[in-house]
Amino acid sequence: MTQPVNLPQETRPQGDILIVDDIAENLEYLSKILNGQGHKVRAVLDGHSALKVAKSARPDLILLDVKMPELDGFEVCQRLKAEPQTRDIPVIFLSALDQTQDKVNGFTIGGVDYVAKPFQAEELLARVNTHLSLRFAQAQVQRLNAELEQRVIQRTAQLEREIGDRLKAQEELLHFITHNPLTNLPNRAFLMQRLGQIFNQMQSREQSSLVLMIVECKHLQLVNNSLGYSAGDQLVVAIVRRLQTALPPTAFLAHFSNDTFAILMENCDDLSAAIALTKVIHNEAVLPFDIADKSLYITFRMGIVQRSASDGKPKYLLRDANTALAQARKKGAAKVQIFNPAMYHRALHFFEIQNELNVAIAQQNLTLVYQPLQSLDKRAVTGLEALVRWHHPVRGVISPSEFISIAEETGLIIALDRYVLRRACIQLCQWQAEGLINGEFRLHVNLSSQQLSQPDFIDYLDQILHDSKANCCNLTLEITEEGLMQEDQTVLQILQQLKQRCIHVSIDDFGTGYSSLSYLQRLKVENLKIDRSFISPNLDGFNDGEDNPAIVRAIIDLAHGLGMTVTAEGVETLARWEQLKALGCDFAQGYLLGRPTSDFRQLFQAAGVNLPTN
Ligand code: C2E
Ligand code: CA
Ligand code: CA
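Numbering follows my numbering, with no gaps: position 319 of the sequence shown is 316.
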């Protein structure tokens, strides 16, 4: 055996090496060269000690002599490989046996190398180094793997937690967007989803038909406004409790908005069951709700629609239930309305008119026609009433009776009236400039009652008068009885301001509203127009053959008593004209005297007013 050669430090792994050899000199020699390389060395003389030390100290490498008494090297190796604690320790056999079969045996039972004695120290050290390096590299890989595994476990646990959190957040979000936050009831989005499922089931005949009710609570907004939102919220929760008591277990209750609920009854072929339910719901509203030390009363209004598989989509169901509800609203408090298709067509018509009228006002597709007003004693035209006409691109000329009520309901009447007033004043100024009219002449323009509650009405009127340069002393505004009855102070102020501008006011359609006499007295307006329902033939109040109709006489006397002149509208026959004259009526208007026309020159001619002959 030769002296050990020092390998460069950086290439030398230093390990804990167990040497097993029954010859003490061999152990000594091996210890020396291995120690010389910086390895820690344990040496044992027999196989039993080797197994013991290997198990307790777990060296990095074992140099194992093959030929030993009792347990030879192969036997020791086999036992090491059989034990989990020692299985991984690399074993290098050292042996004088250097037959190939010996080496094969050594490798077969798990040795990593086989060094034949006598050996060169360099060779042995080189092999030791190689196997130590391998061993350390393996250990490193094992450690890294273990670390990696640990990290994977930790990260997996973390991800599982995160996914759990996200799923929970998602569920909460889904609940939030499909439920009402106050009552925790399903909201409209949820109901639409449910309806979608039901419609699918109905198509595959798993369900027959269904009933949807939209329930609206009147007065809830009033509670919010007067007692505050907290009381309003308490009331909503209490209402829900009552509704839940009233509903059969199979009904589905949804909460749309503050005061609106929906009740869905599946497999409901019998509308009478739904109607019976509305009665139960109404009964629930009869008892007061004790909220904020007050007893509060509410009423429900309901729109009902029934559908079967063939009838379209969920959104139409909701639309139709709402259309029915809108009708119920018109009926007043505590009303129920069942949808029918005519309602939908009406609603559609309403919507179309609203949209198209909006365009018509903007594009100035409205014109004015004029109808004469005559004084009964002088038989002379004393004024004209301006009446609007809509030139519809498809339907031709449309009469106001078809669109004025829609304009009023939608607020479009404000813009419409202002447009008409502007056109009428421009026309008036022209007549004035042409000398067609005298100081007595009155141009009547209709004004919706809504105009009176516009804070800028008088400013707007002044602007029109300024722009048109019309002399407003020839102007009369016709305002309906109910318009003049609203918020008295404001109306009285506006009337005062009109008087200051010498604009007259006529109470239009008189007799159709509920004017109180004392109120009429306070208004101090110049003229009163008896509604044509009292004048036209075969209508209440003025039957042919009766020469002194009580109502008309009473109105004329009353108006005169209050200093007003009286106009009768809807005069169609000479007989009526004569009756009115006999009753002392001042002015008349109607088809007898002239239909509304855009040919106002003809009207002036009829009035005998001097027309320039150009
Ligand atoms: P109103 O103010 O009572 O106008 C009289 C309506 O009765 C006119 O209908 C006129 O054509 C009609 N009429 C006139 N003489 C007779 C008659 O002898 N017999 C019958 N049966 N009817 C007669 P029109 O032009 O269709 O207007 C209907 C309503 O529309 C008006 O009723 C008025 O309330 C409203 N209106 C018309 N133009 C305007 C406007 O510019 N602004 C506002 N706010 N409402 C308007
Ligand atoms: Ca009128
Ligand atoms: Ca009228």
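From the three backbone atoms N, C-alpha and C, an ideal C-beta is built for every residue, glycine too.
Contact set for residue i: own chain, Cβ-Cβ below 6 Å, skip 5 residues either direction
{"i": "residue 386", "result": "364, 366, 394"}
{"i": "residue 41", "result": "17, 47, 50"}
{"i": "residue 423", "result": "465"}
{"i": "residue 584", "result": "370, 372, 564"}
{"i": "residue 289", "result": "224, 228"}
{"i": "residue 278", "result": "243, 297"}
{"i": "residue 443", "result": "475"}
{"i": "residue 332", "result": "298, 325"}
Unbroken alpha helix (DSSP H) run spanning residue i, endpoints
{"i": "residue 63", "result": "Where residue 63 is concerned, there is no enclosing alpha helix (DSSP H), given that its DSSP letter is neither H nor E."}
{"i": "residue 556", "result": "547 to 558"}
{"i": "residue 426", "result": "410 to 431"}
{"i": "residue 126", "result": "118 to 175"}
{"i": "residue 356", "result": "338 to 359"}
{"i": "residue 206", "result": "Counting along the chain, residue 206 falls outside any alpha helix (DSSP H), and DSSP gives it neither H nor E."}
{"i": "residue 45", "result": "44 to 54"}
{"i": "residue 185", "result": "185 to 200"}
{"i": "residue 576", "result": "571 to 580"}
{"i": "residue 72", "result": "70 to 79"}
{"i": "residue 36", "result": "First-last for residue 36: undefined, no H or E at that position."}
{"i": "residue 217", "result": "217 to 224"}
{"i": "residue 384", "result": "That residue, residue 384, is in no alpha helix (DSSP H); its beta strand (DSSP E) goes 378 to 389."}
Contact test: residue i Cβ vs ligand 2 heavy atom, cutoff 8 Å
{"i": "residue 475", "result": "yes"}
{"i": "residue 443", "result": "yes"}
{"i": "residue 583", "result": "no"}
{"i": "residue 414", "result": "no"}
{"i": "residue 554", "result": "no"}
Contacting residues, own chain, Cβ-Cβ under 7 Å from residue i (five flanking each side not counted)
{"i": "residue 561", "result": "522, 523, 524, 525"}
{"i": "residue 593", "result": "366, 367, 368, 384"}
{"i": "residue 545", "result": "Unreliable positioning characterises residue 545 in this predicted model, as indicated by a pLDDT of 42, which lies under 50. A coordinate reading is not provided."}
{"i": "residue 591", "result": "368, 369, 600, 603"}
{"i": "residue 174", "result": "186"}
{"i": "residue 192", "result": "311, 314"}
{"i": "residue 107", "result": "74, 78, 88"}
Residue i, buried or exposed, once every other Cβ within 10 Å from all chains shown has been counted against 16
{"i": "residue 149", "result": "exposed"}
{"i": "residue -2", "result": "Residue confidence for residue -2 is low, a pLDDT of 43 falling below 50, so the modelled location carries little weight and cannot support an answer."}
{"i": "residue 161", "result": "exposed"}
{"i": "residue 92", "result": "buried"}
{"i": "residue 266", "result": "exposed"}
{"i": "residue 607", "result": "Bear in mind that the predicted position of residue 607 carries a pLDDT of just 39, short of 50, making it unreliable; the figure below should be weighed with that in mind. Counting Cβ neighbours within 10 Å, residue 607 comes out exposed, since fewer than 16 surround it."}
{"i": "residue 473", "result": "buried"}
{"i": "residue 319", "result": "buried"}
{"i": "residue 536", "result": "Legend: pLDDT at residue 536 = 46, less than 50; position of this residue unreliable, value from coordinates given subsequently. Classification for residue 536: exposed."}
{"i": "residue 84", "result": "exposed"}
{"i": "residue 596", "result": "exposed"}
{"i": "residue 111", "result": "buried"}
{"i": "residue 220", "result": "buried"}
{"i": "residue 501", "result": "buried"}
Opening and closing residue of the beta strand (DSSP E) in which residue i lies
{"i": "residue 441", "result": "439 to 444"}
{"i": "residue 588", "result": "Per DSSP, residue 588 belongs to no beta strand (DSSP E) and is neither H nor E."}
{"i": "residue 397", "result": "Where residue 397 is concerned, there is no enclosing beta strand (DSSP E), although the alpha helix (DSSP H) it sits in stretches over 397 to 407."}
{"i": "residue 524", "result": "524 to 527"}
{"i": "residue 473", "result": "472 to 477"}
{"i": "residue 13", "result": "13 to 17"}
{"i": "residue 501", "result": "501 to 507"}
Contact test: residue i Cβ vs ligand 1 heavy atom, cutoff 8 Å
{"i": "residue 587", "result": "yes"}
{"i": "residue 290", "result": "no"}
{"i": "residue 382", "result": "yes"}
{"i": "residue 450", "result": "no"}
{"i": "residue 576", "result": "no"}
{"i": "residue 358", "result": "no"}
{"i": "residue 569", "result": "yes"}
{"i": "residue 563", "result": "no"}
Residue i Cβ short of 8 Å to ligand 3 heavy atom set
{"i": "residue 566", "result": "yes"}
{"i": "residue 529", "result": "yes"}
{"i": "residue 596", "result": "no"}
{"i": "residue 526", "result": "yes"}
{"i": "residue 506", "result": "yes"}
Close beta carbons around residue i, own chain, < 8 Å, minus the five adjacent residues each side
{"i": "residue 610", "result": "With a pLDDT of only 37 at residue 610, under 50, the local geometry of the prediction cannot be trusted, and no value is derived from it."}
{"i": "residue 454", "result": "448, 491"}
{"i": "residue 170", "result": "none"}
{"i": "residue 571", "result": "589"}
Residue i: CB within 8 Å of a non-hydrogen atom of ligand 5
{"i": "residue 317", "result": "Absence of ligand 5 is noted for the structure shown, with ligand 1, ligand 2 and ligand 3 being the only ligands found."}
4 or more residues per run - each alpha helix (DSSP H) lying fully within the region 264 to 342: Runs found: 268 to 283, 311 to 328.
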